Amino acid sequence: MSSVPRLVVAAPSSGSGKTTVATGLMAALAGRGLAVSPHKVGPDYIDPGYHALATGRVGRNLDAYLCGADLIGPLFAHGARGCDLAVVEGVMGLYDGAAGEGELASTAHVAKLLRAPVVLVVDASSQSRSVAALVHGFASWDPEVRIGGVILNKVASDRHEALLRDALDSSGVPVLGVLRRAPQVDTPSRHLGLVPVAERRAEAVAAVAAMAAQVAEGCDLDALAALARTAGALSGAAWDPAEAVAPPTHDHPTRSADKRAPVVAVSGAEALSGHPTRPAGKRVPVVAVAGGEAFTFSYAEHAELLAAAGAEVVPFDPLRDEQLPEGTGGLVIGGGFPEVYAAELSANEPLRKAVAALAESGAPVAAECAGLLYLCRELDGRPMCGVLDARARMDERLTLGYRDAVALGDSVLAPAGTRMRGHEFHRTVVEPGAGPSPAWGMRAPERRVEGFVQRGVHASYLHTHWASEPGVARRFVERCLTS
Numbered sequence: 097m098s099s100v101p102r103l104v105v106a107a108p109s110s111g112s113g114k115t116t117v118a119t120g121l122m123a124a125l126a127g128r129g130l131a132v133s134p135h136k137v138g139p140d141y142i143d144p145g146y147h148a149l150a151t152g153r154v155g156r157n158l159d160a161y162l163c164g165a166d167l168i169g170p171l172f173a174h175g176a177r178g179c180d181l182a183v184v185e186g187v188m189g190l191y192d193g194a195a196g197e198g199e200l201a202s203t204a205h206v207a208k209l210l211r212a213p214v215v216l217v218v219d220a221s222s223q224s225r226s227v228a229a230l231v232h233g234f235a236s237w238d239p240e241v242r243i244g245g246v247i248l249n250k251v252a253s254d255r256h257e258a259l260l261r262d263a264l265d266s267s268g269v270p271v272l273g274v275l276r277r278a279p280q281v282d283t284p285s286r287h288l289g290l291v292p293v294a295e296r297r298a299e300a301v302a303a304v305a306a307m308a309a310q311v312a313e314g315c316d317l318d319a320l321a322a323l324a325r326t327a328g329a330l331s332g333a334a335w336d337p338a339e340a341v342a343p344p345t346h347d348h349p350t351r352s353a354d355k356r357a358p359v360v361a362v363s364g365a366e367a368l369s370g371h372p373t374r375p376a377g378k379r380v381p382v383v384a385v386a387g388g389e390a391f392t393f394s395y396a397e398h399a400e401l402l403a404a405a406g407a408e409v410v411p412f413d414p415l416r417d418e419q420l421p422e423g424t425g426g427l428v429i430g431g432g433f434p435e436v437y438a439a440e441l442s443a444n445e446p447l448r449k450a451v452a453a454l455a456e457s458g459a460p461v462a463a464e465c466a467g468l469l470y471l472c473r474e475l476d477g478r479p480m481c482g483v484l485d486a487r488a489r490m491d492e493r494l495t496l497g498y499r500d501a502v503a504l505g506d507s508v509l510a511p512a513g514t515r516m517r518g519h520e521f522h523r524t525v526v527e528p529g530a531g532p533s534p535a536w537g538m539r540a541p542e543r544r545v546e547g548f549v550q551r552g553v554h555a556s557y558l559h560t561h562w563a564s565e566p567g568v569a570r571r572f573v574e575r576c577l578t579s
């Protein structure tokens, strides 16, 4: 059971100021000495980086499409364990969810699963009395969603604020904050959203400090903390990576009925360290995980699951490190922006050759989106690792959305027939040559094949959340031991 106080920061639409308010609120509360647990609804990788700066804790995602509704409470409790309060930043508009799936994966859906009150951030820059109709509509649309207050953003003047407050007096929704227009807290964007923290750390630290100051000055922090304490208790145990990755038994089967030899399970605390304690004599495979500015997209639970499955998780930076970590037996390359750093990645020829040699040896390699591009022969005409007979290039069209997929064959991640839900988000295309088998058969929203499986390599545009199918991590580590 989790009784950590919590609230959800939502908005009528994207661009209303959710990230500014949520990040600023996290930082302002942390500045008061509170241990604040940061969360983000949906598959976003970038906002959690700003949340981590604000709180000093790992930013975690809560995605009811990727992980299923049943895991939202346990994953929240796992991330919020030991904290004084949690702030959950929503996604898009409050009631916007997976296309064609009703409320599934919307901020409202997650708020209900968390039994959490909602703070609605309203861009008031072009309205006055109409704000009351807007807030009333959002507050009454779904009686199971409890909007506990509103924060008015981009308010122009004292006179404008007075008009807005007067309009909202009879709405029954209290005004918990008023923020004036403040361009100094804006964060730069490019083709896939905000620029990640790892690429602009000094500027990001300053931006988060400005957000915190603005929220502390314009919002009633005491009232917001009190609202968070009205959240209902969550039943059930917190998610634990060691329990999740434990081999299936006849009494406790998992969805991935992989009957290979078991690996050593470890405690959650040991998994977080990346260096779990194991019985003497057990082989510990090293799993190298790409990071740095070019590869910033990853879910914290992936590394925790790998460590719980028996691996030593070692990060490395493909922009700077010329060799893989010593003893690397498996490689994970997540998402990010290799197209922005194509010249630097290409110039690091020693590492490109090391990656190619590891893949050629048959060692397990899991690559998602940016990792897929890095494994191609070239990206925008620049040589990459050459593991896959494919060429990648930037494209004007944005590919975006949730996907329902099935594994078309056995791979280092999953046996054939495994169903997983994922998410695509890119402005690149890959032009394959001959040879590799496709990784996934997409079932929705359209039928097609995608990705590559080649010896120990599994490469795809599809971002998946391994907490939904922890057998992926167990299988990957086991292949590290047998390859």
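Once you know that position 309 of the sequence shown is 405 in the numbering used here, the rest is easy, because the numbers rise by one and skip nothing.
Cβ atoms here follow ideal geometry from the backbone N, Cα and C, with glycine treated the same way.
Computed from a predicted model, the values in this text were never measured in an experiment.
I'd like the list of long-range same chain contacts for residue i, defined as Cβ closer than 8 angstroms, with 5 residues on each side in sequence excluded.
i      : result
Leu447 : Pro414, Asp417, Glu418, Gln419, Leu420
Ser224 : His256, Leu259, Leu260, Ala263
Val383 : Leu402, Ala407, Glu408, Val409, Val410, Thr424, Gly425, Gly426, Leu427, Val428, Phe572, Val573, Cys576
Tyr437 : Glu389, Ala390, Leu415
Ala302 : none
Thr115 : Asp143, Tyr146, Glu185, Thr283, Leu290
Gly169 : Ser98, Leu209, Leu210, Leu330, Ser331, Gly332
Less than 7 angstroms between C-beta atoms, sequence neighbours within five positions excluded: which residues of the same chain meet that for residue i?
i      : result
Pro460 : Gly426, Val508, Gly552, Phe572, Arg575, Cys576, Ser579
Val227 : Val218, Ala220, Leu260, Ala263, Leu264
Phe234 : Pro108, Leu190, Leu216, Ile243
Leu230 : Pro108, Val218
Arg478 : Ala438, Ala439, Ser442
Leu368 : Legend: pLDDT at Leu368 = 38, less than 50; position of this residue unreliable, value from coordinates given subsequently. Taken in chain order, the residues that qualify are Glu400.
Ala212 : Arg102, Leu103, Val104, Val184, Ala327
Can you tell me which of the three DSSP states residue i falls into?
i      : result
Ala510 : coil
Cys179 : coil
Leu415 : coil
Ala452 : helix
Met538 : strand
Cys472 : coil
Thr495 : strand
Asp219 : strand
Pro528 : strand
Asp159 : coil
Met122 : helix
Glu366 : Only weak support is given to the placement of Glu366: the predicted model assigns it a pLDDT of 35, under 50, and the value that follows is read from those uncertain coordinates. In the structure shown, Glu366 sits in a helix (DSSP, three-state: H, G or I).
Cys315 : strand
Glu299 : helix
Phe548 : strand
His256 : helix
Arg570 : helix
For residue i, which residues from the same chain have a beta carbon less than 6 angstroms from its beta carbon, with the 5 sequence-adjacent residues on both sides left out?
i      : result
Gly388 : Asp413, Leu415
Ala455 : Val461, Val483, Val553
Leu496 : Phe521
Ser584 : Nothing about residue 584 can be read from this structure; the chain reaches only from 97 to 579.
His174 : Ala334, Trp335
Asp463 : The displayed chain sequence assigns Ala, not Asp, to residue 463. For Ala463, where only same-chain residues beyond five positions count, the Cβ hits under 6 angstroms are Ile429, Leu471, Ala555.
Buried or exposed: residue i, going by 16 or more other Cβ atoms within 10 Å of its Cβ?
i      : result
Gly113 : buried
Arg102 : buried
Glu185 : buried
Gly529 : exposed
Ser533 : exposed
Asp143 : buried
Gly364 : At Gly364 the pLDDT is 34, less than 50, meaning the model places this residue with poor confidence and gives no usable figure here.
Trp536 : buried
Val545 : exposed
Leu441 : buried
Val525 : exposed
Arg543 : exposed
Glu565 : buried
Leu171 : buried
Pro239 : exposed
Ala106 : buried
Trp562 : buried
Taking C-beta to C-beta, are residue i and residue j nearer than 9 angstroms?
i      : j      : result
Leu162 : Arg517 : yes
Tyr470 : Tyr141 : no
Gly145 : Ala300 : yes
Phe433 : His559 : no
Thr119 : Leu149 : yes
Cys179 : Val100 : yes
Tyr557 : Leu468 : yes
Leu504 : Val568 : no
**Message:** Whether or not the segment 118-138 and the segment 254-272 are in contact is what I'm after, with contact meaning three or more pairs of Cβ atoms, one per stretch, closer than 8 angstroms; do they touch?
**Reply:** Result no; under three Cβ-Cβ pairs closer than 8 angstroms.
Inspect the CB distances between the segment 240-255 and the segment 315-324 and report whether three or more fall short of 8 angstroms.
Between the segment 240-255 and the segment 315-324, the count of C-beta pairs closer than 8 angstroms reaches three or more; the two stretches touch.
Would you call the segment 295-312 and the segment 116-129 touching, i.e. three or more CB-CB distances under 8 angstroms?
Yes: the two stretches touch, three or more of their Cβ pairs being nearer than 8 angstroms.
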